[in-house]
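Residue numbers (the working numbering), protein chains in the order written: chain Y, 4 to 445; chain X, 4 to 445.
Note that beta-carbon positions come from the ideal geometry of N, C-alpha and C, so glycine has one too.
As the structure is a computational prediction, the values presented were derived from the model and not from experiment.
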């Protein structure tokens with residue numbers, strides 16, 4: 004293996020100048036600097052070389068001596084509906100629930116184990132108030148009534164004939180990113196901290212079409228009550244502007260009919276609004292002049308402020324981001340090249356930029372996965388050469404409306420440590436010289 | 004219910020002029036012509052009204068008398084990995100296989116039951132040559148050798164540190180859309196005819212990075228052999244330009260690690276190329292000066308031409324489209340408004356337009372779901388007022404390189420009825436006065 008110092012220097016040069024302190028590299032240099040790798044990579048500690056060296060030091064046979072593992076017996080036959088590999092059983096949702104009411108609680112998307120922007124439907128987070136109902140589409144109807152010219156009841160058969168639209172959109176629980184008011188940083192993985200957040204390709208009927216058919220008087224009707232058919236009758240008030248805007252009756256999730264846990268046979272989708280408002284198992288929409296002040300928007304989902312007052316009807320999820328890898332639970336495998344990747348999103352529209360820091364002082368702009376879509380998870384990536392020393396990795400997102408994530412300190416000052424909703428302060432992971440990654444406050 | 008003729012006329016006017024014969028309507032008229040529905044919809048046979056009328060005629064209680072179905076008992080508790088509703092068990096893949104070798108055959112995506120553009124991973128089509136192997140990622144390696152400066156063996160741990168990219172791309176079997184040379188149109192659903200076609204969000208490593216690290220001499224190396232670890236050792240030759248272009252080592256599918264049926268722990272992804280070339284369970288890439296002429300590209304996947312000769316290495320899947328709903332197996336529910344929707348795609352890049360006809364003579368341009376991405380499934384939609392008479396629904400896609408689907412007759416003239424690969428002729432569904440939808444040749 005070529006460990007010549009000159010080769011290492013040439014490799015460093017080909018990668019280009021660092022874009023920020025503590026090893027952050029320009030990603031384009033790697034992707035378009037092909038010549039850099041031809042015969043030089045050995046000196047530069049790519050992942051391949053670092054692991055080959057480790058294997059050699061451990062006394063194991065070198066990788067090149069391994070036999071290619073071709074199967075000697077026929078594989079499994081066909082199936083009507085596929086499942087993940089048996090080697091991925093640990094890629095699941097962790098969940099917590101009320102022991103007296105096992106259907107009341109939440110499960111979380113394991114973002115530290117995922118890549119891309121779509122959340123697999125089987126791993127979409129859940130926040131249920133009395134379990135997942137089993138609803139036959141033949142029995143289910145959607146009622147639109149209240150301040151309308153004619154009340155309408157839609158069967159599923161009827162709805163399936165209406166025009167549909169398709170949009171990739173995140174759904175995030177207002178209580179996501181909780182616990183950052185604690186005195187000491189919680190040691191937990193990215194899914195546990197940010198996993199009440201998922202992103203799907205939703206297909207459904209623009210709600211405006213159905214409301215127009217019922218006939219809404221825009222001078223009097225200002226709100227909509229949306230009610231679910233679950234045992235909790237989860238219900239929320241929605242401003243009529245949103246209902247007549249980009250609201251959707253979602254019937255499909257990632258191509259197939261919406262999953263039971265997401266509201267089968269239908270849910271309300273309010274892009275960018277807190278998850279709780281995207282009422283699942285939707286069966287009733289009542290047009291009204293005022294909010295209904297349901298139990299789900301008075302006893303819960305109000306935002307406690309430092310002075311003891313509470314803010315109500317704070318719908319939009321703020322701009323936010325986190326690094327999904329490296330993150331807590333990931334052990335660095337020795338110095339060398341790594342990808343830093345994570346997710347950014349905003350209820351206000353598109354993500355404009357994500358900056359990453361490895362030293363807490365200097366920031367580099369990460370590459371965003373195209374296409375960047377509004378109210379959608381945006382994957383960011385950056386190259387990093389870890390020198391084996393201490394490093395603190397942070398991300399800071401800005402949306403197209405110029406909203407920027409505040410520091411944790413600034414957020415706590417504004418909202419207080421008892422406010423459990425809509426935290427969007429900057430978060431951080433640190434690695435020590437041993438390569439153990441932990442959660443730290445910055 | 005208001006059945007006043009004047010109201011019906013006003014509704015028709017509000018919808019705007021038809022955009023092509025036999026009831027094709029301008030979709031924007033529906034979406035932005037809200038006033039058209041206020042109090043007028045009853046006369047216009049929207050899906051709601053048509054079904055309400057049918058219910059009334061059947062003697063069943065009217066919908067408005069139905070009780071809202073709220074659950075009276077707590078729902079199901081949380082789960083680590085979710086599954087579709089029990090009411091959707093029929094949304095599965097049909098499959099055919101060799102009785103002597105149950106792992107040899109194919110399963111198909113049920114497009115007639117889906118909407119949107121992403122294919123759920125559990126419903127991605129399969130074409131396997133000796134079953135689905137069960138591969139432990141700890142044992143699996145990727146070898147790059149042949150005409151390279153230094154052969155490399157990558158463990159999964161090493162690959163997981165490399166830079167990734169995310170792209171939505173279709174994969175289509177070269178044998179998709181087969182059987183159109185038959186004398187009589189086969190009566191089968193859209194999945195059976197066009198279901199060897201799926202679309203996922205793939206995340207993985209640009210192959211160029213790994214080839215650059217191994218060191219490919221561009222003056223001599225012209226081809227790459229890609230070999231799978233399955234019991235069939237499925238292997239194909241790939242032009243080096245594609246390998247150094249947009250080829251990817253795909254590690255994630257729709258956000259989670261790639262499914263066993265799609266190549267876990269990794270597959271080769273060659274956007275726009277026939278499915279067979281996107282080698283699954285990839286474990287070896289050998290750089291060479293010439294194609295390898297493997298069994299999978301000599302005995303199979305060559306394209307028989309009318310004169311008895313065969314074309315080899317015809318990689319790119321042509322521009323194509325089909326209507327997924329209404330389609331065979333769908334029974335129209337009486338005259339009135341319907342959505343026509345389907346999918347279009349091209350291995351040459353983006354879809355530029357999709358035209359739809361309901362009378363076989365006049366064509367209207369359908370709305371395309373944004374964002375339109377290259378080598379991706381593009382959903383198209385159009386509004387249709389079915390008058391209850393005979394109608395023939397066809398779609399015709401054009402890609403950004405100006406390739407247009409030929410008629411079936413033109414395609415058969417060029418390739419002959421024995422050519423089973425890459426059929427992209429225009430296909431059609433017809434409805435009779437009873438609302439039964441069948442497959443017809445046009």
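Please report the distance separating the alpha-carbon of residue i from that of residue j.
i: residue 388 (chain Y); j: residue 28 (chain Y); result: 7 Å
i: residue 254 (chain X); j: residue 274 (chain X); result: 15 Å
i: residue 228 (chain X); j: residue 143 (chain X); result: 18 Å
i: residue 119 (chain X); j: residue 414 (chain Y); result: 38 Å
i: residue 39 (chain Y); j: residue 361 (chain X); result: Residue confidence is low: residue 39 (chain Y) scores 38 on pLDDT, short of 50, so the model does not pin down where it sits. Its coordinate-derived value is still stated next. Looking at the two C-alpha atoms, the distance is approximately 57 Å.
i: residue 207 (chain Y); j: residue 164 (chain Y); result: 11 Å
i: residue 408 (chain Y); j: residue 73 (chain Y); result: 49 Å
i: residue 166 (chain X); j: residue 328 (chain Y); result: 12 Å
i: residue 180 (chain Y); j: residue 225 (chain X); result: 51 Å
i: residue 410 (chain X); j: residue 176 (chain Y); result: 50 Å
i: residue 196 (chain X); j: residue 268 (chain Y); result: 28 Å
i: residue 151 (chain Y); j: residue 220 (chain Y); result: 7 Å
Please state whether DSSP places residue i in a helix, a strand or coil.
i: residue 191 (chain X); result: coil
i: residue 429 (chain Y); result: coil
i: residue 283 (chain X); result: strand
i: residue 444 (chain X); result: coil
i: residue 170 (chain Y); result: strand
i: residue 124 (chain Y); result: helix
i: residue 271 (chain X); result: strand
i: residue 175 (chain X); result: strand
i: residue 376 (chain Y); result: coil
With which residues is residue i paired in a DSSP beta bridge?
i: residue 209 (chain X); result: X:251
i: residue 147 (chain Y); result: Y:155 and Y:288
i: residue 142 (chain Y); result: BP columns for residue 142 (chain Y) are empty, so no partner.
i: residue 259 (chain Y); result: Y:256
i: residue 325 (chain Y); result: Y:346
i: residue 407 (chain Y); result: Y:401
i: residue 383 (chain X); result: X:345 and X:371
i: residue 217 (chain Y); result: Beta-bridge pairing links residue 217 (chain Y) to no other residue.
i: residue 276 (chain Y); result: Y:319
i: residue 306 (chain Y); result: Y:314
i: residue 394 (chain X); result: X:434
i: residue 79 (chain X); result: Y:135
What is the residue span of the alpha helix (DSSP H) that residue i lies within?
i: residue 333 (chain Y); result: Unbroken run through residue 333 (chain Y): none, as it is neither H nor E.
i: residue 412 (chain Y); result: 411-418
i: residue 244 (chain Y); result: 243-246
Let me see if you follow: with CB-CB separation under 9 Å, is residue i close to chain B or not?
i: residue 324 (chain X); result: No chain B is part of this structure, whose protein chains are labelled Y and X.
By alpha-carbon positions, which one of the options ends up nearest to residue i?
i: residue 427 (chain X); options: X:417, X:162, X:100 and X:370; result: X:417
i: residue 78 (chain Y); options: X:236, X:166, X:147 and X:172; result: X:236
i: residue 146 (chain Y); options: Y:303, Y:286 and Y:406; result: Y:286
i: residue 332 (chain Y); options: Y:194, Y:139 and Y:129; result: Y:194
i: residue 168 (chain X); options: X:210, X:108 and X:180; result: X:210
i: residue 318 (chain Y); options: Y:310, Y:325 and Y:300; result: Y:300
i: residue 22 (chain X); options: X:82, X:186, X:420 and X:370; result: X:370
i: residue 348 (chain Y); options: Y:338, Y:383 and Y:368; result: Y:383
i: residue 342 (chain Y); options: Y:80, Y:330 and Y:350; result: Y:330
i: residue 216 (chain X); options: X:420, X:153 and X:113; result: X:153
i: residue 436 (chain Y); options: Y:404, Y:391, Y:398 and Y:424; result: Y:391
i: residue 257 (chain Y); options: Y:83, Y:125, Y:431 and Y:350; result: Y:125
In terms of residue numbering, what span does the beta strand (DSSP E) encompassing residue i cover?
i: residue 99 (chain Y); result: 97-101
i: residue 298 (chain X); result: Where residue 298 (chain X) is concerned, there is no enclosing beta strand (DSSP E), although the alpha helix (DSSP H) it sits in stretches over 298-301.
i: residue 131 (chain X); result: 129-131
i: residue 92 (chain X); result: Neither: residue 92 (chain X) is in no beta strand (DSSP E) and is coded neither H nor E.
i: residue 359 (chain Y); result: 354-360
i: residue 137 (chain X); result: Element bounds for residue 137 (chain X): n/a, residue is neither H nor E.
i: residue 232 (chain X); result: Note, residue 232 (chain X): premise wrong, no beta strand (DSSP E); not H, not E.
i: residue 186 (chain Y); result: Careful: residue 186 (chain Y) lies outside any beta strand (DSSP E) and carries neither H nor E.
i: residue 106 (chain X); result: 104-111
i: residue 23 (chain Y); result: 21-23
Any chance the CB of residue i is under 8 Å from a heavy atom of the ligand PLP?
i: residue 299 (chain X); result: The model depicted lacks the ligand PLP and carries no ligand whatsoever.
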